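This report refers to the structure that appears directly beneath it.
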Amino acid sequence: MLGTKYFAISKRILTLKSFKPLTLGGTTIITLRYNSTKPSTTTTNSNANSSRLKPSSFAFPSSPTSQQSSSTTTSTNDSITSSQQQEDINDFRATKLIHGKTNLSFAITERASKKLNEISQQDNQDSGLLIQVESGGCHGFQYNLKLTNIDKELQQQQDGDANDLVVFERDQGGKVIMNESSLMILQDSKLDYTKELIGSQFKIVDSPYTSSACGCGSSFDFDFDKLSQKEG
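The sequence shown: position 51 = 51 (the UniProt record's numbering), numbered continuously.
Spelled out as structure tokens, the structure:
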């Protein structure tokens, strides 16, 4: 029998170009010829299998997008934090104590320094900002800021009280005066100048011992326990 047939061997379908039965000594032998010009089912399945993606190729990428995004965000945040820390260091290094005696620190930001310099040029060369911390306000304490003449403030103090005043100045200009008790509460904080929709103002920022503050920003609660831990 001649002709193209399909014959199953080991559960695989082979395309046969021809088969001829041959009888030798009572035994029938079938001669098979494989037609290589027609693709076999096995070859097709093999190609299909080879082109099929393994689940791990997309389900478990070596560098997941979410991980990359998280890594990028973390790197950005770290960069911002590092930049902020360096700015804080620069502010404290640039601010010097020019009157009084104290081992407490206070800083004047570059923005506040520029604004105080503008005021000095327009008004009085010895003008500065007087900072006073008083009890009151919705959170227990409040600070009052007002422009003043530094020399007059020092001269108006009675004998013995003048030593209680301290004056800080940034190396680029801009002076701040306050008494020792106010500095005790505002130590390690900074004077900044901000421009907002509601207006521009001087304000105390980055105070490590302020536990809470109201929306106006001038009233705050002081964390005495945290300060005690530092001094202890």
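The beta-carbon is built from N, C-alpha and C at its ideal position, and this holds for glycine as well. Computed from a predicted model, the values in this text were never measured in an experiment.
According to the DSSP assignment, GLN156 belongs to no beta strand (DSSP E) but to the alpha helix (DSSP H) extending over 150-156. In this model, LYS195 and LEU116 are separated by some 14 Å (Cα to Cα). Distances from the CA of ARG111 to each of GLY128, LEU147, LYS96, ASP192 were compared; the closest alpha carbon is that of ASP192. Between the C-alpha atoms of VAL167 and VAL176 there is a straight-line separation of about 6 Å.
Residue pairing by DSSP leaves TYR209 without any beta bridge partner. Each residue's CA atom was taken as its position, placing SER211 and LEU104 some 19 Å apart.
Apart from the 5 residues on each side of it in sequence, SER189 sits with its Cβ closer than 6 Å to the Cβ of ILE204, ASP206, SER207 in its chain, given in chain order.
Check the Cα spacing between GLN172 and each of HIS99, THR109, PHE202: the tightest is with THR109. Under the three-state reduction of DSSP output, PHE106 falls in the coil class, being neither helix nor strand. The straight-line gap separating the alpha-carbon atoms of CYS138 and LYS152 is approximately 32 Å. As computed with DSSP, GLY199 is found in a beta bridge with GLU196.
Separation of ASN149 and GLY128 (C-alpha to C-alpha, rounded to the nearest whole angstrom) is 6 Å. Rounded to the nearest whole angstrom, the CA to CA distance from PHE222 to TYR209 is 6 Å.
Taken through DSSP and simplified to helix, strand or coil, ASP221 comes out as strand. Taking a 10 Å sphere around the C-beta of PHE224, we find fewer than 16 other C-beta atoms and assign the residue as exposed.
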